[in-house]
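Enquirer: Pasting a structure below so you can have a look.
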Amino acid sequence: MVDDHALIRNGLKRLIEDLGPYQIIAEYDNGKQFVEALQEPYPDLVLLDYSMPQMNGIEVMQWLHDRGLSIPVLMLTINEDERLMIQLFRLGVRGYLHKNCRTEVMKQALEEIFSKGYYHNEFLITALTKDQNNKHEQEQQSIHDQITAKEREFIKWVCHEEEYTYEQIAGIMNVHRRTIDNYKQSLCEKFNIKSKTGLVLFAIKNKLVSLDE
0 MVDDHALIRN GLKRLIEDLG PYQIIAEYDN GKQFVEALQE PYPDLVLLDY SMPQMNGIEV
60 MQWLHDRGLS IPVLMLTINE DERLMIQLFR LGVRGYLHKN CRTEVMKQAL EEIFSKGYYH
120 NEFLITALTK DQNNKHEQEQ QSIHDQITAK EREFIKWVCH EEEYTYEQIA GIMNVHRRTI
180 DNYKQSLCEK FNIKSKTGLV LFAIKNKLVS LDE
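Using numbering that gives the first Met the number 0, the first residue of the sequence shown is number 0, and each one after it goes up by one.
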């Protein structure tokens, strides 16, 4: 257990050891003490406070991550910043608990980390979902920014329900067939697309065209 408040450590120690076959084998006032004392055999779980002097929780996680140590960590904090949670999760945190959580929540977190490897509460799942959605939106915007107005019009006709040939699309757009081939080649090279079907699927997936168009 790593926390800079002795009273909190004492209370958590009694609580955790009453919840099941758990034993607190060592206590530290800050992250620096913990990493300096860490040696094999490693603990089955580290209860780590986020806010501490001399190496806070995220600095400890970065230290473990940089050394390839995948020791299970349950982060205890009053901080509910979603970006922080995502960062800690990427560094290897197995669970994230608010210090004001109920006893049954702590019990569930411990049981799930030991049985499943992770504890994903609703707050963390919400944060991860938002993070994935934001990433997807950024990727889509990047794709949209790389496509010219003419290429977008070409895509619209390629995806049309009438299934126009490239020759027909050239007529509709009033350009030479070679120009259509250039649009196709440019899109295939930019996005590693191999076929007309692949182009249609790519366009729908990235909302370059609506299924209703």
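A virtual CB, placed ideally from N, CA and C, is assigned to each residue, including glycine.
Nothing here was measured: the structure is a model prediction, and the numbers come from that model.
Along the chain, where does the beta strand (DSSP E) containing Gly-94 start, and where does it finish?
Expert: 94 to 97
Enquirer: Here's a check: name, in chain order, each residue in its chain whose Cβ is nearer than 6 Å to the Cβ of Tyr-182, leaving out the five neighbours to either side.
Expert: Glu-150 and Phe-153
Enquirer: Under a three-way DSSP split, which group does Thr-76 fall into?
Expert: strand
Enquirer: Touch check for the region 59 to 72 and the region 21 to 41: three-plus C-beta pairs under 8 Å?
Expert: yes
Enquirer: Please state whether the Cβ-Cβ distance between Leu-11 and Ile-23 is less than 9 Å.
Expert: yes
Enquirer: Take the Cβ of Thr-164 as the centre, count every other Cβ of all protein chains shown within 10 Å, and call the residue buried at 16 or more, exposed below.
Expert: Exposed, since its Cβ has fewer than 16 Cβ neighbours within 10 Å.
Enquirer: With a threshold of 16 other CB atoms inside 10 Å of the CB of Thr-196, please say whether the residue is buried or exposed.
Expert: So Thr-196 ends up on the exposed side.
Enquirer: Across which residues does DSSP place Tyr-27 in a beta bridge pair?
Expert: Val-1
Enquirer: In whole angstroms, give me the CA-to-CA distance for Gly-68 and Ile-168.
Expert: The identity of residue 68 in the sequence shown is Leu, whereas the question assumes Gly. The alpha-carbon atoms of Leu-68 and Ile-168 are separated by roughly 57 Å.
Enquirer: Answer yes or no: do Glu-110 and Tyr-117 have a C-beta to C-beta separation smaller than 9 Å?
Expert: Using a Cβ distance threshold of 9 Å, Glu-110 and Tyr-117 do not count as a contacting pair.
Enquirer: Determine the closest residue to Arg-93 out of Pro-71, His-159, Phe-201 and Ile-142, with distance taken between C-alpha atoms.
Expert: Pro-71
Enquirer: What are the boundary residues of the beta strand (DSSP E) that includes Asp-48?
Expert: 45 to 48
Enquirer: Which value, in whole angstroms, describes the spacing of the CA atoms of Arg-8 and Lys-106?
Expert: CA-to-CA, the gap between Arg-8 and Lys-106 works out to about 16 Å.
Enquirer: Does Met-196 come out as helix, strand or coil in the three-state DSSP assignment?
Expert: Correcting the residue type first, residue 196 is Thr in the shown sequence and not Met. Assigned with DSSP and collapsed to three states, Thr-196 falls in helix.
Enquirer: Can you list, in chain order, the residues of its chain with a C-beta nearer than 6 Å to that of Tyr-21? Leave out the 5 residues immediately preceding and following it.
Expert: Ile-15
Enquirer: Assuming Glu-103 is part of the alpha helix (DSSP H), what are its boundary residues?
Expert: 102 to 115
Enquirer: So, with DSSP's three-state summary, where would you put Asn-205?
Expert: It is coil, neither helix nor strand.
Enquirer: Buried or exposed for Tyr-41, please, with buried defined as at least 16 other CB atoms from any protein chain shown within 10 angstroms of its CB.
Expert: exposed
Enquirer: DSSP state of Arg-66, grouped into three classes?
Expert: coil
Enquirer: DSSP three-state label for Asn-181, please.
Expert: helix
Enquirer: Just the Cα atoms here: how many angstroms apart are Tyr-49 and His-119?
Expert: Cα to Cα, Tyr-49 sits roughly 18 Å from His-119.
Enquirer: Could you check which residue in Glu-188, Val-1, Gly-170 and Asp-17 has the C-alpha nearest to that of Leu-44?
Expert: Val-1
Enquirer: Please report how far the alpha carbon of Glu-103 lies from the alpha carbon of Arg-66, in whole angstroms.
Expert: 34 Å
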